[in-house]
Structure formats: structure tokens, C-alpha cells
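In the numbering used here, the protein residues as written are 190 to 505. Note that the Cβ used here is the ideal one computed from N, Cα and C, for glycine as well. All of these numbers come straight from a predicted model, not from anything done at the bench.
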């Protein structure tokens with residue numbers, strides 16, 4: 190009787206010990222998993238924040254480059270703008286606000302005694318000194334029309350002049366303040382632009398536009414993709430409005446709109462996603478986690494992504 194009771198107690202204690210041991214193992218497993226997940230999240234957030242600050246620094250450098258170009262152009266152009274009394278020039282202009290085409294005829298615009306009406310030589314000389322785009326606009330009753338540029342317009346716009354009509358934001362701000370700085374999209378890229386009116390005595394007769402690319406994309410691409418993530422991963426950058434890939438080793442230009450988590454990223458702009466079953470890089474449906482940061486000056490979102498297998502395989 191005592192022997193049977195002792196044996197039963199032994200079985201009970203052994204079972205209890207095994208249960209406690211298993212529970213402890215499970216507890217340790219999930220504790221370690223939580224710590225690994227926390228480490229993984231911290232690493233991804235650090236990487237995305239680093240890239241955001243890198244891009245913002247590069248954008249600030251371009252504003253500095255534009256400021257230097259403005260000072261240089263001011264020395265060349267100065268206040269020596271006049272409307273000529275001789276030849277007249279005809280322009281076919283396109284009004285982007287109304288979609289209308291119209292013919293405008295104007296006398297020539299001269300800067301420091303040189304004609305800039307349909308003659309890009311002065312604009313090209315200025316452009317060559319700072320590596321950007323220079324354009325001259327003439328002030329007319331209809332608004333500011335493009336009369337010459339250091340760079341040719343795209344083929345679909347060739348033969349037409351750009352018009353910034355009167356009573357539109359660019360026109361009003363320029364006429365009110367005399368200078369204007371903003372972001373513009375042309376020649377298939379975002380540019381930082383600086384405008385300054387040209388005066389003949391006290392009358393506005395035109396404006397000069399200086400533009401530099403907002404970022405040097407090749408340099409930016411190298412900088413971003415040089416940041417490696419654990420497990421061979423890498424960051425990528427998407428446009429916050431269109432979801433098209435801006436920086437990626439192989440799928441730049443593609444839209445990622447079809448992925449639900451990308452649409453969530455576009456909506457939230459900053460944050461973290463703990464579990465994603467879609468992999469944009471391959472057909473692998475494995476689980477991934479993502480950190481993402483919004484880059485306001487560029488309207489970009491940088492995404493850092495890693496497979497959970499990289500971290501959690503060490504628990505197996």
C-alpha cells in the first residue's frame with residue numbers, strides 16, 4: 190500500500206515538474222521572442238530614421254546650392270533689363286490653368302544689352318556656371334511668358350512657350366514680393382526654383398528663373414542602398430502620393446498600390462507594421478516586419494523591411 194502511494198506521488202511530482210518545466214520553457218521562449226522583436230523593431234526604426242535625416246540633409250544642401258546660383262546670376266543680370274524698340278517676336282503659348290493655346294506678339298527683351306528673346310545664349314552661360322537650369326520670362330498683359338531657356342523643353346511641348354497667367358499664385362506672389370522660391374516639377378524631376386523680377390526703372394518687364402534638381406538622384410540612390418539591414422535586407426523609398434518606387438535595387442518606377450500594406454503606409458506615413466505576409470521583392474509569402482518614415486521635403490516614404498525568420502530562426 191505504501192509502495193503504491195509512494196509511486197503515485199512520484200508520478201504526480203514528476204508530471205508536475207514536467208509541466209512547470211514546459212511552462213518555464215514557453216515563458217522563456219516568448220520572453221526571448223519579445224526581446225528579439227523589440228531589437229528588430231529598434232534596428233529598423235533606427236535605419237529608417239537615419240535615411241530620413243540623410244535625405245533631408247541632402248535636400249538642405251541643394252537649397253544652399255540654389256542660393257549660391259541666385260547670387261551669381263544677380264551679378265550677371267543685375268538691373269540691366271529693357272524692352273527693345275526694334276524686332277517683335279511671336280510666341281505660341283500654352284495656358285496650363287485653362288488648357289488654352291494663344292498667340293502673343295511682343296517686342297524683344299534685352300538683358301545687359303543682349304537679347305534673350307528666343308536666344309538661349311545668356312541663359313546657357315548662366316546655367317553652365319552652376320549646373321542648373323536658367324530661363325528668362327517676359328512680362329506681358331497676359332502674364333509671364335517663357336522667351337528663352339538654357340534647356341530644351343520636352344518634345345511634346347517643343348514649339349510652345351509656358352505662360353504663368355496674371356491673377357494666378359505664381360504671378361501674384363512674384364509681382365507682390367519681387368522674388369519667389371518654391372518646388373516645381375519639370376523635365377521629369379522635382380526642382381528647387383528661385384524667381385526674381387527684372388525691372389526697367391520701376392516697371393517689371395520680365396523675370397529670371399533659376400532651378401536645381403531637388404536631389405542628385407544617383408548620389409542619393411547610392412547613399413540609401415549602401416545601408417544594409419540584417420539578413421541581407423535593404424531599404425527602399427516610395428512616392429507618398431503615387432506609391433511608385435523611387436529608390437530600389439531593381440523595381441524603380443513600379444507602382445506598389447496593389448499591396449494593402451503599402452496603401453496603409455501611404456495613409457499613415459510614419460509608423461511600424463508588425464506582420465506582413467506580402468513580399469514586394471519576390472514571391473516569398475514569408476512574414477516580414479516594416480518600419481517607415483515620411484520625408485516631408487521630398488514627399489517620400491522610406492521603408493525598412495526584414496524577414497522575421499532572420500531573427501526568430503535562432504529560437505528553433
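| query | When DSSP labels each residue in this structure, what does residue 439 get in the three-state scheme? | reply | coil
| request: Give the straight-line distance between the Cα atoms of residue 428 and residue 272, rounded to the nearest whole angstrom. | output: Computed Cα separation, rounded: 43 Å.
| field | Residue range of the unbroken beta strand (DSSP E) whose run includes residue 447 | value | Under the DSSP assignment, residue 447 falls outside any beta strand (DSSP E); it carries neither an H nor an E label.
| query | Skipping 5 residues on each side, what residues in its chain have a beta carbon closer than 6 Å to that of residue 373? | reply | 380, 382
| DSSP bridge partner residues for residue 147 (one or two, in chain order) | There is simply no residue 147 to check, as the chain begins at 190 and stops at 505 in what is shown.
| Do you know whose CA, among 350, 388, 407, 478, lies nearest residue 435's CA? | The option with the nearest alpha carbon to residue 435 is 407.
| said: Is the separation between the beta-carbon of residue 445 and that of residue 432 shorter than 7 Å? | reply: yes
| Since residue 494 is in the alpha helix (DSSP H), which residue starts that stretch and which ends it? | Taken as a continuous stretch (DSSP letters only), residue 494 belongs to no alpha helix (DSSP H), being part of the beta strand (DSSP E) at 489-496.
| said: To the nearest angstrom, how far is the alpha carbon of residue 319 from that of residue 242? | reply: 25 Å
| Helix, strand or coil: which one does DSSP assign to residue 277? | strand
| query | The beta strand (DSSP E) spanning residue 291 covers which residue range? | reply | 289-300
| query | At a cut of 8 Å, does the region 273-293 reach the region 349-361 through at least three beta carbon pairs? | reply | Look at the beta carbons and you see the region 273-293 touching the region 349-361: at least three pairs across the two are nearer than 8 Å.
| said: Once DSSP output is grouped into helix, strand and coil, what is the label at residue 416? | reply: coil
| said: Per the DSSP calculation, residue 340 is bridged to which residue(s)? | reply: The partner list for residue 340 (beta bridge, DSSP) is empty, contrary to what the question assumes.
| task | Consider the C-beta atom of residue 377 and the heavy atoms of the ligand HEM; say whether any pair is separated by less than 6 Å. | result | For the ligand HEM, the structure offers nothing, since it holds no ligand at all.
| query | Is it right to say residue 481 is buried, meaning 16 or more other beta carbons lie within 10 angstroms of its own, or is it exposed? | reply | buried
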